[in-house]
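Chains as they are written, first to last, in the numbering used here: chain A, 1 to 514; chain B, 515 to 904. Notes to accompany the following structure.
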Amino acid sequence: MLASIPSATVGGIDGLRVHVEVHTSTGLPAFNVVGLPDASCREARDRVRAAVLSSGASWPAQRTTVNLAPSGTRKEGAGLDLAIAIGVLVASGELDPKQVARIGFVAELGLDGSLRRVPGTLSLVGALDDLDAVVVPVDAWAEASLIETVKVRPVESLGELLAVLNDEAPWPEPPSIPPAPPNALAGDLREVAGHEMARRALEIAAAGAHNLLLVGPPGAGKSMLAKRLPGVLPELDRPTALDVTRVHSVAGLALPPTGLIRRAPFRAPHHHASTVALIGGGSGRIRPGEISCAHGGVLFLDELGEFAPSVLDALRQPLEDGVIRVSRAVGSATYPARFLLVAAMNPCPCGYLGSGLDCRCSMAARLRYARRLSGPLVDRFDLRIHVARPEPSVLLDSRDGESSAAVARRVAAARDLASLRGVSTNSALTGDSLQRVARVDDEGTALLEHALANGSLSARGLDRVRRVARTITDLDAPSAPDGVIGADAVAEALYLRARPITFEETQDVHTATA
Amino acid sequence: MSIPPPPNDTPAARTNRASASDCDAPGDLPPQAWLVALLSLPHVGPVALRAILASDSAPKAWDRIVGGSVPAAVPRARVDEIVAAARRVDVATQWHRYARAGIDLIECGDHNWPSRLVHDPEPPALLFARGRCPDPPVSVAIVGTRACTAYGRDIATELGRAAARAGISVVSGLAMGIDAAAHKGAVSVGGAPPIAVLGAGFDRPTPAANRGLFEQVLAHGMVWSETPLGAASGRWRFPARNRIIAGLSDAVVVVESDEKGGSLYTVDEALRRDRPVLAVPGSIRSRTSRGTNALLVDGATPCRSIDDIFDVLGFTPHDAHRRRVVSLSPQARSLLDWGPQERVLVDDLLRQSDVGPGRWLRLVDELESAGLVVRDGAYLRRVGTIDALD
Chain A
1 MLASIPSATV GGIDGLRVHV EVHTSTGLPA FNVVGLPDAS CREARDRVRA AVLSSGASWP
61 AQRTTVNLAP SGTRKEGAGL DLAIAIGVLV ASGELDPKQV ARIGFVAELG LDGSLRRVPG
121 TLSLVGALDD LDAVVVPVDA WAEASLIETV KVRPVESLGE LLAVLNDEAP WPEPPSIPPA
181 PPNALAGDLR EVAGHEMARR ALEIAAAGAH NLLLVGPPGA GKSMLAKRLP GVLPELDRPT
241 ALDVTRVHSV AGLALPPTGL IRRAPFRAPH HHASTVALIG GGSGRIRPGE ISCAHGGVLF
301 LDELGEFAPS VLDALRQPLE DGVIRVSRAV GSATYPARFL LVAAMNPCPC GYLGSGLDCR
361 CSMAARLRYA RRLSGPLVDR FDLRIHVARP EPSVLLDSRD GESSAAVARR VAAARDLASL
421 RGVSTNSALT GDSLQRVARV DDEGTALLEH ALANGSLSAR GLDRVRRVAR TITDLDAPSA
481 PDGVIGADAV AEALYLRARP ITFEETQDVH TATA
Chain B
515 MSIPPPPNDT PAARTNRASA SDCDAPGDLP PQAWLVALLS LPHVGPVALR AILASDSAPK
575 AWDRIVGGSV PAAVPRARVD EIVAAARRVD VATQWHRYAR AGIDLIECGD HNWPSRLVHD
635 PEPPALLFAR GRCPDPPVSV AIVGTRACTA YGRDIATELG RAAARAGISV VSGLAMGIDA
695 AAHKGAVSVG GAPPIAVLGA GFDRPTPAAN RGLFEQVLAH GMVWSETPLG AASGRWRFPA
755 RNRIIAGLSD AVVVVESDEK GGSLYTVDEA LRRDRPVLAV PGSIRSRTSR GTNALLVDGA
815 TPCRSIDDIF DVLGFTPHDA HRRRVVSLSP QARSLLDWGP QERVLVDDLL RQSDVGPGRW
875 LRLVDELESA GLVVRDGAYL RRVGTIDALD
């Protein structure tokens, strides 16, 4: 007998529809899975058999062939277990095909018949959204029910499911989802003493999605500041939230109880991370990398100078495009990768250049260090500031600083202005639109010309400075979306874009106008 | 003092030389072509050259060497190497390289030979030059260690700037550190043309990081080298270059130096030529001021500002250059009076100010343009003379 059961496998961050075809015939008992299953899928035979027997059904003693169609694409993971089990039971006659018509199945099976969540459930259910129903494990229900176009049925075990399909019991009630807990921030800006310039830079980075580079000696507070950035970013909008949830689910990361990730993610890979771990890929199975897990949020590279230059180089394309395409012999995948890049670095190998304590590095060591960080990468940062440890009197001051919530409100208001202009954030403004929406008054233009003339600003830097000045104006005057940019905003944007001290010696001298 | 050469200063403009581009045959090459060829040989420095030329003209000496006969003054162990190298050289091709690179060859006795080198105790046999100002009226050498501190760099830049503004040419070696800072200051204001003396040939002019500075000194002033193109670099070239720096200056200022720095050699050469030596005092804790402080103990004139240099040279700058009169807005002025400490965190000043960050940063720009503060990472540092305010 023949059965065809709909399920899905993961391809990139999307689900690919898989038809699990099961054929039983007379002959010596055998069980074969074909259709390019990966190791996990091939092991399904043992899991499914044990699960079926544990659920009280019988396992056919026949020659059984399972084909995962379309047979030309690789199938991954254990999510096809349940569909295979149902297929076998239909093909052997235990289940009436009409009972499972137009129902999809996505779950791993335990040996006792319990259903288990698989990574990428959201994407997998998304591939089955034209059916009448999809059966998923209970702990995947919150995630799966984000797909609103199909009815999602949470089931505890194969036994329970068989009872429903044989009309012996009704579908179980879905679990109640606890309300989203109040977001526990990694840290509040209220706790930060001093660092006025850095706070300002964080706010501007968040408001306009401008990449931020923090340069300073060890212990200055760079990592502490960077970790407080997610606290001022607004919640994700629904389309982005779904994308982020998809990526995190496929990557096997934990999801919140509500199933949907609403907070901007914060990913901080260690500087020993490989290029594949950072960008995505992998030889056996293609997985999303840290940059995709940071989609919609922040990628924080602490100790930028310690990352291998080849790893940093791989970042340039996704920073430009917002996606990463990974190609391997086994296949290819396109992952989203639009993130805010924040990095922290020491100004020189000993860490004390520009901090007041004299730098112990030789000129050659300093130059070597500066050259490790390629010009194009450092150029990608719109905001580049120096961070220094505040004076003891400031650190001991017991008064709180401004809270993250207050800053987040301003950031949200500024982002609203950006959406009025038709972009999600000001960092996306380009060319023509920049000319139109980021007009600078005469005083500001004079400042820009001065900077261009004395070589402290390049032509590419000019666009970046204008975008940042646009964000600053939005923050300071949120009620005037078309406000002309003044000299104060330009001055601040120029200061924040200034080349950090690490790279000073490698640049040419330029003539001042004085 | 000689008249500056005409602006179109190519070899063709000189009357006492044929242009290399006019040459068709080796017979048309000027004698300088053979001088250069001799200098390009290994182990032939100024002393050996003088010995070789003692008895023969350059073309004849060359022919003899190619023929295998090297003058007695050259160490015998090197003879084979020199003869082999000579046989590989094409004098005309080599000479044309100089013309193409715009490098002039100036010999003692040429009309644009620096007047200060006319009575030098150990002058170079000849100098390669690019630029347009061989003989500034007043010049001062500002030299120091490559591994300088921020203090040294600031002082060198300020002195370079003040000297150039007052009409004094700054002479230095384009090395990293103090030398580069002094010339950075000098080129930033225009004013008197800067003079650089290289420790290597024009094909390897400076550490790459100073390339831009080299181009600017070249554009506004003069660059000298005693080393021919393609010559191997060697440590001995740097002290040799330092003697030329001393020779081209009316006074030598050492800004920072270790106890045994190369700039101390420049001091010795300056003393040999009766040039006054000044040293910038520094912190007794700073390794880079040990050399300079020791010079002060030995009798060098302390250099506390450009005025000390003016005094030593007997130079009276034009009054407009004497005191840089700076007018500041009242807010910028009050920002400058942040307290006694030389260095302050930007964060602290920003917190204490009552204007927004943008407006505040424009005040900082004002102070920076006036040369009164400098940005140092997350700090601001006061530099320059504050009593120059109106």
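Built from N, CA and C at the ideal position, the CB exists for glycine as well.
One Cα belongs to B:G735, the other to B:P707, and the distance between them is close to 4 Å. Under the DSSP definition of a beta bridge, A:S332 partners with A:S327. For A:H248, the enclosing alpha helix (DSSP H) stretches over residues 238–250. Residues of chain B whose Cβ lies closer than 7 Å to the Cβ of A:R200 are, in chain order, P871.
The segment 543–563 of chain B and the segment 613–629 of chain B touch, with no fewer than 3 CB-CB distances between them shorter than 8 Å. When Cβ pairs closer than 8 Å are counted between the two stretches, the segment 645–658 of chain B is seen to touch the segment 679–696 of chain B, the count reaching three or more.
Rounded to whole angstroms, the gap between the alpha carbons of B:A793 and B:L810 is 6 Å.
The three-state secondary structure of A:M197, taken from DSSP, is helix.
Residues of the segment 346–373 of chain A with a Cβ closer than 8 Å to any Cβ of chain B, in chain order: P347, L353, G354, S355, G356, D358, S362, M363, L367. If you check the CB distance, A:V330 and A:R74 come in under 8 Å. Distance check between B:V897 and each of B:R646, B:P854, B:W576, B:D861 places B:P854 closest, using alpha-carbon atoms only. Under the DSSP assignment, A:I286 falls outside any beta strand (DSSP E); it carries neither an H nor an E label. Apart from sequence neighbours up to five positions away, the residues of its chain that approach A:A241 with a beta-carbon distance below 7 Å are L260, I261, R262, ordered along the chain. Listed along the chain, the chain A residues whose CB falls inside 7 Å of the CB of B:R876 are A487, D488, A491.
Contacts with chain B at 8 Å (Cβ-Cβ) include A:M197.
Against chain B, the CB of A:P390 has a partner CB under 8 Å away; the residue lies at that interface.
At a cut-off of 8 Å, the C-beta of A:G216 has a neighbouring C-beta in chain B. By the Cβ test, the segment 195–205 of chain A is in contact with the segment 380–397 of chain A, since at least three Cβ pairs between them sit closer than 8 Å. Under DSSP, B:L641 takes part in a beta bridge, and its partners are B:I620.
Cβ-Cβ separation between A:V440 and A:L448: approximately 7 Å, consistent with a contact (criterion under 8 Å). Rounded to whole angstroms, the gap between the alpha carbons of A:A451 and A:L457 is 5 Å. In the DSSP annotation of this structure, the continuous segment of the alpha helix (DSSP H) that includes A:K222 starts and ends at 222–227. By DSSP's assignment, A:H272 forms no beta bridge with any residue.
Residue contact check for A:Y495 against chain B: a CB pair falls below 8 Å. With respect to chain A, the C-beta atom of B:Y893 has a partner C-beta closer than 8 Å. Nearest C-alpha to B:V869 among B:G891, B:A846, B:L881, B:W609: B:A846. With contacts defined as CB atoms closer than 8 Å, B:I759 and B:V684 fail to qualify as a contacting pair. Taking 8 Å as the threshold, the shortest C-beta distance from B:V860 to chain A falls below it. For B:L563, there are no C-beta contacts with chain A under 7 Å, since the nearest C-beta of that chain is about 34 Å from it.
Straight-line measurement puts the Cα of A:A487 at about 13 Å from the Cα of A:V468.
In this chain, the beta strand (DSSP E) harbouring A:I385 covers 383–386.
Identification of chain A residues near B:M690 by a Cβ-Cβ cut-off of 7 Å yields M363, ordered along the chain. Residue-level contact by beta carbon fails for B:A677 and chain A, as no gap is shorter than 8 Å. Among the residues facing chain A, B:L849 is not included, as its CB has no counterpart in that chain under 8 Å away. Straight across, the Cα-Cα distance linking B:I579 with B:V597 is about 6 Å. Contact annotation, B:P545 with B:S569: C-beta distance approximately 15 Å; criterion of less than 8 Å not satisfied.
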